[in-house]
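Protein chains in written order, with this note's numbering: chain A, 677 to 917; chain B, 677 to 917.
Built from N, CA and C at the ideal position, the CB exists for glycine as well.
No experiment lies behind these values; they were computed from the predicted model shown.
Accompanying notes for the structure given below.
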DNA sequence: CGGCTAGTTGACTTTAGTCAAACACCGTGG
DNA sequence: CCACGGTGTTTGACTAAAGTCAACTAGCCG
């Protein structure tokens with residue numbers, strides 16, 4: 677059936693768990709993966725507190741993950757594109773720590789975790805890749821912390837756009853023209869800004885002809901110009917020794 | 677010699693890699709661990725770009741980890757207490773992604789990584805514990821992102837103090853009275869605040885008799901009162917739907 | 001057509017940052 | 001023993017960046 681694309685011919689496998697596995701190893705992995713029907717925008721694949729039985733790999737579309745505070749406030753912790761793995765934060769308790777919601781019609785590969793863990797004892801390359809992916813997530817979150825703590829609103833948004841651009845490019849899509857599947861509010865939530873600030877800065881960058889904004893459609897007109905804007909701003913803060 | 681405390685009688689093993697390993701498994705682990713001489717304040721155990729050959733477990737004292745941006749700006753990503761594992765962020769590239777510096781005279785257990793990885797193929801409990809520790813680090817960083825993005829200066833500092841308190845308590849030390857081994861500047865750097873703001877808020881909490889500040893020595897006079905301060909403040913922001 | 005959500009823009013406010021000055025603490029060396 | 005320099009901390013006065021509040025527009029879908 678149509679949902680059954682295999683890892684062997686998946687164009688995102690170099691970003692995903694199969695990276696650096698041999699063909700035979702990939703085939704073993706492929707056998708345990710479940711590919712379900714597409715998800716509609718708004719549908720959740722993980723919810724806080726639910727038992728973690730599988731990890732998910734984004735097959736197509738996009739997702740947001742968010743945690744929720746005691747008072748019900750959301751904090752978006754990441755946006756996921758094809759090839760990304762979802763669920764690492766739940767492995768410590770074997771129950772999900774965050775919510776993950778489809779931003780558009782999307783598909784995922786579901787990877788039963790106990791099987792994956794079992795396989796990793798006999799396949800060192802698989803174990804190493806899992807470790808690598810988790811380690812990358814830790815490093816990435818550290819970079820986000822610096823972005824939020826040390827950069828102003830415009831710098832955060834430019835970083836965000838450039839990061840999206842690079843990730844689209846790594847997936848064989850255009851890095852200069854893409855659709856935002858998240859709202860301005862979701863971008864702001866992630867970056868610690870309000871909707872208004874996000875909107876104002878996108879308008880400003882648009883006016884400067886650095887980007888072209890047409891609703892959800894974003895074109896990066898001058899990536900160099902955008903990077904220029906980053907280095908222009910105050911290079912050192914007093915918080916740094 | 678005096679540096680050779682073993683995992684078997686280490687009082688932090690329940691927080692560390694040995695957790696949930698059997699006695700015989702701990703003994704295998706213990707054999708690969710190197711215990712070097714104490715580190716002086718300011719000494720680094722990891723530096724960006726250096727090959728990662730070992731992970732480190734804090735044995736005594738405390739550390740800060742920080743990443744550095746292209747323009748030399750530091751972002752502190754965490755403070756480490758006994759039992760904490762240092763180095764997960766470097767596993768993806770097999771080279772360290774951050775700097776880790778002793779804040780006081782401290783000792784670490786050095787765990788050669790290839791040996792640890794080899795062991796994890798035959799010891800599922802070890803593999804699971806490593807995964808658990810990495811997963812916890814991911815979850816923790818997500819919580820920090822929410823703290824920085826959604827909480828004001830006072831809330832960040834109270835959270836920071838309560839978190840330190842809980843961690844000291846989990847290590848059998850007083851959760852109500854402790855020494856800050858980091859400077860106000862380092863606290864501010866971590867929380868995205870300036871030295872002045874940190875100082876002002878500590879003074880304010882001191883004046884409110886919620887804490888007592890005497891230089892580096894902090895006493896939490898009313899943990900309930902501090903938590904009260906958290907829930908008092910604006911419960912919902914407009915960034916949340 | 002009407003109602004809803006998302007997005008934009010303007011006017012005003014607030015929080016934390018900046019700049020500056022002074023103090024405390026600590027180790028060094030005369 | 002005390003003077004000195006350095007780093008860390010505190011406090012005050014002022015500023016600026018982003019948040020808040022509000023009004024309005026643009027799509028979208030029933």
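| task | Could you confirm whether any beta carbon from chain B is found closer than 7 Å to the beta carbon of residue 719(A)? | result | no
| message | I need the boundaries of the beta strand (DSSP E) containing residue 733(A), first residue and last residue. | response | 730-736
| task | Can you tell me which of the three DSSP states residue 883(A) falls into? | result | Correct three-state label for residue 883(A): helix.
| message | For residue 738(A), which residues in the same chain have their Cβ closer than 7 Å to its Cβ, ignoring the five residues on either side in sequence? | response | 755, 756, 757, 779, 780, 782, 857
| request: Count the other C-beta atoms from every protein chain shown that fall within 10 angstroms of the C-beta of residue 740(B), then say buried if there are 16 or more, exposed otherwise. | output: buried
| If contact means a Cβ-Cβ distance below 8 Å, which residues of the segment 810-826 of chain A contact chain B? | Listed in chain order, the positions of the segment 810-826 of chain A with a beta carbon within less than 8 Å of a beta carbon of chain B are 810, 811, 812, 813, 814, 815, 817, 818, 819, 820, 821, 822, 824, 825, 826.
| task | Enumerate, from N- to C-terminal direction, the unbroken alpha helix (DSSP H) stretches of 4 or more residues contained entirely within the segment 759-801 of chain A. | result | Counting only runs of 4 or more, we get 789-798.
| Distance between beta carbons of residue 692(B) and residue 733(B), contact taken as under 8 Å | 5 Å
| field | Beta-bridge partners of residue 855(A), as assigned by DSSP | value | 893(A)
| For residue 808(A), which of helix, strand or coil comes out of DSSP? | helix
| field | Expected contact under 8 Å - CB spacing of residue 832(B) and residue 869(B) to nearest Å | value | 7 Å
| field | Beta carbon proximity, residue 863(A) to chain B, threshold 7 Å | value | no
| According to DSSP, what are the bridge partners of residue 720(B)? | 777(B)
| query | For residue 822(A), does the three-state DSSP call read helix, strand or coil? | reply | helix
| field | 7 Å Cβ cutoff, residue 770(B) in contact with chain A | value | no
| Does the beta-carbon distance from residue 688(A) to residue 766(A) come in below 7 Å? | no
| task | Starting from residue 755(A), trace the beta strand (DSSP E) both ways and give me its first and last residue. | result | Its beta strand (DSSP E) spans residues 750-756.
| field | Limits of the beta strand (DSSP E) - the one that residue 845(B) falls within | value | No beta strand (DSSP E) contains residue 845(B), which is instead part of the alpha helix (DSSP H) from 829-846.
| request: Would you mind sorting residue 684(A) into buried or exposed? The rule is 16 or more other CB atoms within 10 Å of its CB. | output: exposed
| message | Mapping the DSSP letters down to three states, classify residue 710(A) as helix, strand or coil. | response | strand
| field | Beta carbon proximity, residue 684(B) to chain A, threshold 7 Å | value | With 7 Å as the cut-off, residue 684(B) does not count as an interface residue toward chain A.
| field | Proximity test, Cβ basis, 7 Å: residue 843(A) and chain B | value | no
| field | Beta-carbon proximity check, residue 834(B) vs residue 905(B), cutoff 7 Å | value | It is a contact, given that the beta carbons lie within the stated cut-off.
| request: Using 10 angstroms around the beta-carbon of residue 723(B), count the other beta-carbons present and answer buried if the total reaches 16, otherwise exposed. | output: exposed
| task | Mind reading off the beta-carbon distance from residue 837(B) to residue 894(B)? Whole number of angstroms is fine, and I expect it under 8 Å. | result | 7 Å
| said: Looking at residue 809(A): is its Cβ nearer than 7 Å to the Cβ of residue 701(A)? | reply: Result no, Cβ atoms of residue 809(A) and residue 701(A) do not sit closer than 7 Å.
| Taking DSSP as the reference, what is the three-state secondary structure of residue 726(B)? | Of the three classes helix, strand and coil, the one that applies to residue 726(B) here is coil, per DSSP.
| Can you list the residues of chain A that residue 767(B) reaches, using a CB-CB cut of under 7 Å? | 807, 808, 811
| field | Sub-7 Å separation of residue 706(A) and residue 735(A) beta-carbons | value | no
| message | Check for me: the beta strand (DSSP E) holding residue 743(A) runs from which residue to which? | response | Counted as a single uninterrupted DSSP element, the beta strand (DSSP E) harbouring residue 743(A) occupies residues 739-744.
| message | Tell me the residue span of the alpha helix (DSSP H) that contains residue 865(B). | response | 860-867 is the extent of the alpha helix (DSSP H) around residue 865(B).
| query | How many angstroms separate the CA atom of residue 913(A) from the CA atom of residue 743(B)? | reply | Low confidence applies to residue 913(A): its pLDDT is 36, below 50, so where it sits in the model is not reliable, and the reading given next is rough at best. One C-alpha to the other measures close to 15 Å.
| Contact set between residue 773(B) and chain A, taken where Cβ atoms lie within less than 8 Å | Those are 815, 818, listed as they occur along chain A.
| residue 907(A) (DSSP reduced to helix, strand or coil) | helix
| message | In the DSSP output, what is residue 898(A) paired with across the bridge? | response | Partner(s): none; residue 898(A) has no beta bridge.
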